[in-house]
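Note that this note's numbering has the sequence shown beginning at 158, numbered continuously upward. No residue lacks a Cβ here, since even glycine has one placed at the ideal position from N, Cα and C.
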Amino acid sequence: MKKVFVTIERRWNGIIRWFESQINNRILEGINSLIQAVKRKARGYRTVEKLIAMINLIAGKIDLQPILGKATHMKQRGA
158 MKKVFVTIER RWNGIIRWFE SQINNRILEG INSLIQAVKR KARGYRTVEK
208 LIAMINLIAG KIDLQPILGK ATHMKQRGA
């Protein structure tokens, strides 16, 4: 029991952080994979700001449906 207590005590901050964020290693590795793919695609960009914008578009939870929905709707009306 003492070994279990010491392990929990040593990892206490990580345990509390998980309950607050619900982010585990699998999710972090997935986000990292997306960012690495963006970095490979972004070799031609000249600024860090453009790289950050691409990461936000790919890995961020930005809802583009209102914008894309309007563009698709307008395209259909014009056809």
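- Beyond the five residues adjoining it in sequence on each side, Ala-194 comes within less than 8 Å, by CB distance, of Ile-215 in the same chain, given in chain order.
- In this structure, the CA atom of Ile-192 is about 10 Å from the CA atom of Lys-198.
- Residue nearest to Ile-209 within the set Leu-185, Asp-220, Lys-196, Gly-201 is Lys-196 (criterion: CA-CA distance).
- In the structure shown, the three-state DSSP call for Asn-182 is helix.
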